[in-house]
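Inspection log for the structure reproduced underneath, given as C-alpha cells.
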Amino acid sequence: MNFLTLLDYSPEQINELLDFSLVLKKYQKEGVPHPFLAGKTLAMIFEKSSTRTRVSFEVGMSQLGGSALFLSSKDSQLGRGEPISDTAQVLSRYVDGIMIRTHGHEIIEELAKHSTVPVVNALTDDFHPCQALADIMTIYEAKGTFKGIKTVYVGDGNNVAHSLLIACAKVGMDVAIATPKGYEPKPWIINEVESICQETKATFQLTNDPVEAMNGADVIYTDVWTSMGYEEETNDRLEIFKPFQVNNRLVQHAKDDYIFLHCLPAHREEEVTADIIDGSHSYIFDQAENRLHVQKAILVALMSN
Ligand code: CP
Ligand code: NVA
C-alpha cells in the first residue's frame with residue numbers, strides 16, 4: 378500500500394488515519410513512548426526544497442523508534458540521471474519505506490511501480506496529500522466537526538489546492554475554490570471532486586470571484602502564488618493574483634469565527650496580509666505541527682508489521 382494521493386483512500390480510511398493522528402498527538406504531548414516502527418528505516422528523497430516536510434518526517438520516524446535518511450537529488454545519483462526505477466529497486470533492498478518530494482506526479486507513480494516497499498508522497502506538482510491530512514485535522518480540532526463546515530481556498534489551483542479539495546470532499550466538508558481564470562484546478566481533478574461530493578453529500582463551488590467563494594466561510598485557506606518549479610512565472614503571477622489576496626476586505630465575507638490556514642512557507646503582503654496570517658484567526662502553526670502527527674499515522678499504517 379502506498380500514500381500517493383487521497384483519491385486512493387476511502388472516507389473511512391481517512392477518518393481512521395485522523396483518529397490515529399489524534400492518538401499519536403496525545404502520546405507525544407504526554408511523553409508516552411510509541412515505538413511502532415522500532416528498527417525500521419525510511420528513505421526520504423528530496424528533489425525540491427523543504428523545511429517542514431523534512432523535519433517532521435525525520436523527527437516522526439525517530440519518535441516511532443525508527444530512523445530516516447535524507448537523500449537530495451543534488452548529491453545522490455538521481456541528480457546524475459540514474460533511472461527512478463533502478464533507484465526504487467535498490468532502495469527497496471535497504472529500507473522499509475520511501476518518501477519522495479518531486480516534480481511530475483508520474484515520477485512518484487514510476488517509483489511506486491518499481492518499489493517493493495511503501496511509497497509516500499511528500500509533494501508532487503499535482504498533489505500534497507500529507508499536507509491535506511494535516512489541514513483537515515486542524516479544521517477538525519478547531520471546529521469539532523466536518524459537517525456543515527465550509528472551507529474556502531483562494532489563489533492558485535495547485536498541488537495544495539488539489540489535495541485540499543479531495544480531502545474536504547472525502548470527509549463531507551463543503552468546499553469552494555476561487556482562482557484567476559486559467560489557474561483553476563486540473564479539469565480531471567474537478568470531475569473527481571464533484572463525484573466524491575455527490576457521494577459524501579458535500580457541496581463544491583468553483584469560481585473566479587473570491588468574494589462569491591468567501592460567503593459564509595468557516596475556513597479560509599491560501600498558498601503561494603508561485604509554486605516550486607514555476608519560478609519564471611513569478612512576475613506575471615504577482616499581477617494576475619492581486620485580487621485574490623486574503624486581506625481584511627476579503628475576510629469580511631467569511632463567518633466571524635473563521636480560521637485561517639496556509640501550508641507555509643508564506644509570502645506576507647502577497648497572497649495574505651500580515652495582519653491576517655499573524656492575527657488571532659490564524660492556525661498556521663497548529664497546522665504545521667499536525668504534519669508531524671498525521672505523517673506518523675501514515676507511516677505506521679503503511680510500514681508496521
Ligand atoms: N508545507 C510544506 O510542505 O512545507 P515545506 O516545503 O517546508 O516542507
Ligand atoms: N504549492 C507549493 C507548496 C509548498 C509546500 C509548492 O508546490 O511550492
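Using this note's numbering, the letters of the sequence shown correspond one by one to residues 378 to 682.
Beta carbons: idealized from backbone N, C-alpha and C, even for Gly.
Chain C within 9 Å of residue i, Cβ atoms only
{"i": "residue 577", "result": "Here chain C cannot be found, since the structure has a single protein chain."}
Any non-hydrogen atom of ligand 2 within 8 Å of residue i CB
{"i": "residue 344", "result": "Because the chain is modelled from 378 through 682, residue 344 falls outside the range shown and cannot be assessed."}
{"i": "residue 512", "result": "no"}
{"i": "residue 535", "result": "yes"}
{"i": "residue 642", "result": "yes"}
{"i": "residue 600", "result": "yes"}
{"i": "residue 482", "result": "no"}
{"i": "residue 563", "result": "no"}
{"i": "residue 476", "result": "no"}
{"i": "residue 421", "result": "no"}
{"i": "residue 606", "result": "yes"}
{"i": "residue 425", "result": "yes"}
Cβ-heavy atom distance, residue i to ligand 1, below 8 Å
{"i": "residue 508", "result": "yes"}
{"i": "residue 658", "result": "no"}
{"i": "residue 448", "result": "no"}
{"i": "residue 479", "result": "no"}
{"i": "residue 638", "result": "no"}
{"i": "residue 431", "result": "yes"}
{"i": "residue 500", "result": "yes"}
{"i": "residue 428", "result": "yes"}
{"i": "residue 505", "result": "yes"}
Spatial neighbours of residue i in its chain, beta-carbon cut-off 6 Å, leaving aside the 5 residues before and after
{"i": "residue 592", "result": "630"}
{"i": "residue 437", "result": "669, 672, 673"}
{"i": "residue 493", "result": "469"}
{"i": "residue 659", "result": "637"}
{"i": "residue 663", "result": "515"}
{"i": "residue 523", "result": "548, 549, 550"}
{"i": "residue 472", "result": "418, 420"}
{"i": "residue 395", "result": "514"}
{"i": "residue 379", "result": "489, 495, 496"}
9 Å Cβ cutoff met for residue i and residue j
{"i": "residue 501", "j": "residue 480", "result": "yes"}
{"i": "residue 457", "j": "residue 447", "result": "no"}
{"i": "residue 556", "j": "residue 545", "result": "no"}
{"i": "residue 496", "j": "residue 513", "result": "no"}
{"i": "residue 562", "j": "residue 382", "result": "no"}
{"i": "residue 679", "j": "residue 441", "result": "no"}
{"i": "residue 667", "j": "residue 604", "result": "no"}
{"i": "residue 520", "j": "residue 654", "result": "no"}
{"i": "residue 540", "j": "residue 579", "result": "no"}
{"i": "residue 417", "j": "residue 439", "result": "no"}
{"i": "residue 648", "j": "residue 623", "result": "yes"}
{"i": "residue 511", "j": "residue 643", "result": "no"}
{"i": "residue 710", "j": "residue 560", "result": "The shown model of the chain, from 378 to 682, leaves out residue 710, and the question about it has no answer."}
{"i": "residue 526", "j": "residue 467", "result": "no"}
{"i": "residue 599", "j": "residue 532", "result": "yes"}
{"i": "residue 411", "j": "residue 399", "result": "no"}
{"i": "residue 682", "j": "residue 650", "result": "no"}
Sequence-distant residues of its chain with Cβ nearer than 8 Å to residue i (five each side left out)
{"i": "residue 327", "result": "Residue coverage of the chain in this structure runs from 378 to 682, which leaves residue 327 outside it and unanswerable."}
{"i": "residue 683", "result": "Lying before the first or after the last residue shown, residue 683 is absent from the chain, which here runs from 378 to 682."}
Beta-carbon contacts of residue i that lie in its chain and below 7 Å, excluding the five residues immediately before and after
{"i": "residue 427", "result": "478"}
{"i": "residue 554", "result": "530, 534, 538, 542, 562, 583, 590"}
{"i": "residue 384", "result": "543, 569"}
{"i": "residue 641", "result": "429, 661, 665"}
Length-filtered (3 minimum) beta strand (DSSP E) runs lying within the segment 600–650
636–639
Ignoring anything shorter than 4 residues or poking outside the segment 419–492, list the alpha helix (DSSP H) runs there in chain order.
429–440, 461–471, 482–491
Identify every run of the alpha helix (DSSP H) within the segment 482–565, keeping only runs that are complete inside it and at least 4 residues long; order them along the chain.
482–491, 506–520, 536–547
Length-filtered (4 minimum) alpha helix (DSSP H) runs lying within the segment 390–418:
none
Secondary structure, alpha helix (DSSP H): runs of 4+ residues fully inside the segment 568–604:
587–591
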